[in-house]
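Undergrad:
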Amino acid sequence: MTPPTISRYSQLFPPRAEWTVAEIPDLSDKVIVVTGGNSGIGYETVLELLRHNAKVYIAARNQAKVDAAIAELKRQPGVKGHVEFVKLDLADLRSIEAFAKEFSTREKQIDILFDNAGIMENTPGKTVQGFEQHVGINSIGTHYVTKLLLPLLKAATAAHPESPARVVFTSSFLHINAPEHGFSAEDPYAEKDLPEGMSMPMRLYGTSKFYNILSARKLQREHSDIVFTAVHPGYVRTPLLGKGTDLMSTLRHYFVIPWITLPQKSGAVTQLYAAFSEAGLKKGAYFVPYGREAATIPAGDDPKVQDAFVEWCESQIAKNAAA
Ligand SMILES: NC(=O)c1ccc[n+]([C@@H]2O[C@H](COP(=O)([O-])OP(=O)(O)OC[C@H]3O[C@@H](n4cnc5c(N)ncnc54)[C@H](OP(=O)(O)O)[C@@H]3O)[C@@H](O)[C@H]2O)c1
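The sequence shown begins at 15 in the numbering used here and counts up one residue at a time.
(1) Please confirm whether any heavy atom of ligand 1 lies closer than 8 angstroms to the CB of P247.
(2) Along the chain, which unbroken stretches of the beta strand (DSSP E) at least 3 residues long are found entirely within the stretch 201-246?
(3) Measure the C-alpha to C-alpha separation of H174 and E325 and round it to an integer number of angstroms.
(4) Which of the three DSSP states, helix, strand or coil, is assigned to V93?
(5) Can you tell me the Cα-Cα spacing of G322 and P91, whole angstroms?
(6) Output the boundary residues of the beta strand (DSSP E) element that contains R180.
(7) Per DSSP, R306 is paired with what?
(8) Okay, do the stretch 281-289 and the stretch 303-310 touch, 3+ Cβ pairs below 8 angstroms being the bar?
(9) At a cut-off of 8 angstroms, is P272 close to ligand 1 when judged by its beta-carbon and the heavy atoms of the ligand?
(10) Are the CB atoms of V70 and G51 within a distance shorter than 9 angstroms?
(11) Are any of the Cβ atoms in chain C nearer than 9 angstroms to that of D239?
(12) Count the CB pairs spanning the stretch 267-280 and the stretch 141-155 that are closer than 8 angstroms, and state whether there are at least three.
(13) Quick one: what's F99 bridged to in DSSP?
(14) With a threshold of 8 angstroms (Cβ to nearest heavy atom), would I151 be considered close to ligand 1?
(15) On the criterion of 16 or more Cβ atoms from any shown chain inside 10 Å, does D81 qualify as buried, or is it exposed?
(16) By Cβ distance below 8 angstroms, which residues in the same chain neighbour A105 in space, the five residues on each side in sequence not counted?
(17) Would you check if there are 3 or more beta carbon pairs closer than 8 angstroms linking the stretch 23-32 to the stretch 92-102?
(18) Q77: buried (16+ other C-beta within 10 angstroms of its C-beta) or exposed?
(19) So if DSSP puts E7 in a beta bridge, which residue, or which two residues, is it bridged to?
(20) Between the Cα of H157 and the Cα atoms of D239, E111, F187 and A170, which residue gives the shortest distance?
(21) What is the rounded straight-line gap between the Cα of E176 and the Cα of D316?
(22) Using DSSP with H/G/I as helix, E/B as strand and the rest coil, what is L87?
(23) CB-CB under 6 angstroms to S229, same chain, minus the five flanking residues each way: which ones, in chain order?
(24) Give the C-beta separation of I38 and E58 to the nearest angstrom, bearing in mind that I take them to be a contact with Cβ-Cβ under 8 angstroms.
(25) Confirm, please, whether the CB-CB distance from A73 to S53 is below 9 angstroms.
(26) For a test of the three-state rule: what should DSSP assign to L107, helix, strand or coil?
(27) Starting from I271, trace the alpha helix (DSSP H) both ways and give me its first and last residue.
(28) Taking V48 as part of the beta strand (DSSP E), name the residues at either end of that continuous run.
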């Protein structure tokens, strides 16, 4: 059955959650990686995992920030699991490779990978290998780290086929800002034909988040022993939203954002739902708050668009292979 289109309003102000984090099972024997687990939605995700006894790795770029986050996590009530830092900078393909190598010396399997880390910037920027920063970090870096971790995810499924490994990509409702055709190798940053009223940063961010959906669905077609899903976590009060640099955005930050955003804690619910609910086993599904399957833009369902993006993405990675 085709999932329903869920209105913008209902995604912004979702109905009460039917599934809650209390339904997460005991995770004593689980190894879980959360990229960007030191902040915002990732932090809340790690907190719930630790409350359910998981062994969690926070894969992030800044050790000092992660150390501070871990100290704070350990002060939270009900925290029982084990948490460690592993260095990962998604803006650098070499760092992604070093991370995957280091990680495979520490663990032989990964039960769940939360591809949560991401950026939303107002000013232009590039990654170490020269990709536009949103597509470079949110899409290419995230796709590459997932590819490199596939052997460990497959090992987890092989060890317990009744509960296959899962990968959850944190996408966004704003994936609707991607071009209608979805992807073109001639214009991978979707800079052409910018719709009236849409800023370039919002185009780039939305497009990069749409590419997460394409990655999830293409990887799903290639690797049936793992479950890949994507989620919109909600419009959530986290550091991602920034404080703004001009008067209008500062006023918006203090007087508008608090009324229309969900608290940070609620931002973790949908990705935890994808990782632990029965419904989250639906391969290639896309979920919105708080755990409702929803339609993506039509191009997301097109295998040719999925193939074209992943082919381009992997060709960029290959072109920039380590010497
Ligand atoms: N907040 C929302 O309303 C919203 C809505 C839809 C989707 N999302 C998505 O939700 C995810 C989490 O965002 P959030 O709102 O929780 O924001 P956040 O608090 O800013 O967290 C983002 C995390 O990603 C990490 N990160 C950024 N660049 C990285 C890089 N190059 N390498 C490794 N890690 C990197 C950040 O690390 P540092 O702390 O070192 O910067 C941080 O840990 C993102 O993918 C975002 O696109 C958020």
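In this text, a Cβ means the ideal position worked out from N, Cα and C, and glycines have one as well.
TA: Result, derived from the coordinates:
(1) The residue given as residue 247 occupies position 233 in the sequence shown. Checking the Cβ of P247 against ligand 1 gives yes.
(2) Whole beta strand (DSSP E) segments, 3+ residues: 241-245.
(3) Translated into positions along the sequence shown, residue 174 becomes position 160. Translated into positions along the sequence shown, residue 325 becomes position 311. Between the alpha carbons of H174 and E325 lies a gap of roughly 31 angstroms.
(4) Along the sequence shown, read from residue 1 onward, the residue named residue 93 stands at position 79. In the structure shown, V93 adopts coil according to DSSP, grouped into three states.
(5) Within the sequence shown, residue 322 is the residue found at index 308, counting from 1. Within the sequence shown, residue 91 is the residue found at index 77, counting from 1. Sequence inspection shows Ala at residue 322; the Gly mentioned does not correspond to that position. If you take the alpha carbons of A322 and P91, they lie about 46 angstroms apart.
(6) For the purposes of this step, residue 180 is identified with residue 166 of the sequence shown, where counting begins at 1. For R180, the enclosing beta strand (DSSP E) covers residues R180 to T184.
(7) In the sequence shown, the residue the question calls residue 306 occupies position 292. Beta bridge pairing from DSSP links R306 with V302.
(8) Segments in contact, yes.
(9) As a working mapping, residue 272 is identified with position 258 in the sequence shown. Every heavy atom of ligand 1 is 8 angstroms or more from the Cβ of P272, so no.
(10) Indexing the sequence shown from 1 puts residue 51 at position 37. Indexing the sequence shown from 1 puts residue 70 at position 56. A contact, by the Cβ cut-off of 9 angstroms.
(11) This model lacks chain C altogether; it includes just one protein chain.
(12) Because the criterion of three Cβ pairs below 8 angstroms is not met, the stretch 267-280 and the stretch 141-155 do not touch.
(13) Looking up residue 99 in the sequence shown gives position 85. F99 is bridged to I72.
(14) Working through the sequence shown from its first residue, we reach residue 151 at position 137. Short note on I151: C-beta closer than 8 angstroms to some heavy atom of ligand 1.
(15) Along the sequence shown, read from residue 1 onward, the residue named residue 81 stands at position 67. Flag for D81 reads exposed.
(16) Counted from its first residue, the sequence shown places residue 105 at position 91. Correct list, in chain order: R75, T141, V142, Q147, G150, I151 and G155.
(17) The answer is no - the stretch 92-102 does not touch the stretch 23-32, with fewer than three Cβ pairs under 8 angstroms.
(18) Your numbering for residue 77 matches position 63 in the sequence shown. With a threshold of 16 other beta carbon atoms within 10 Å, Q77 falls short and is exposed.
(19) Given a span of 15 to 337 for the chain in the structure shown, any question on residue 7 remains unanswerable.
(20) Mapped onto the sequence shown, residue 157 falls at position 143. Ranking D239, E111, F187 and A170 by CA distance to the CA of H157 puts E111 first.
(21) Here the question's residue 176 lines up with position 162 in the sequence shown. Here the question's residue 316 lines up with position 302 in the sequence shown. So the two alpha carbons sit approximately 29 angstroms from each other.
(22) Position 73 of the sequence shown, counted from the start, is the residue given in the question as residue 87. Note: L87 maps to helix in three-state DSSP.
(23) The residue given as residue 229 occupies position 215 in the sequence shown. Excluding sequence neighbours, S229 sits near H157.
(24) As a first step, residue 38 is located in the sequence shown; it is residue number 24 there, counting from the start. As a first step, residue 58 is located in the sequence shown; it is residue number 44 there, counting from the start. Actually they are not in contact, since the Cβ atoms of I38 and E58 sit about 13 angstroms apart, beyond 8 angstroms.
(25) As a working note, residue 53 is residue 39 in the sequence shown. As a working note, residue 73 is residue 59 in the sequence shown. No.
(26) Counting from one through the sequence shown, the residue named residue 107 turns up at place 93. Correct three-state label for L107: helix.
(27) The residue you call residue 271 lines up with position 257 of the sequence shown. Membership of I271 in the alpha helix (DSSP H) is indicated by the continuous run I271 to I274.
(28) Counting from 1 along the sequence shown, the entry for residue 48 is found at position 34. Its beta strand (DSSP E) spans residues V45 to T49.
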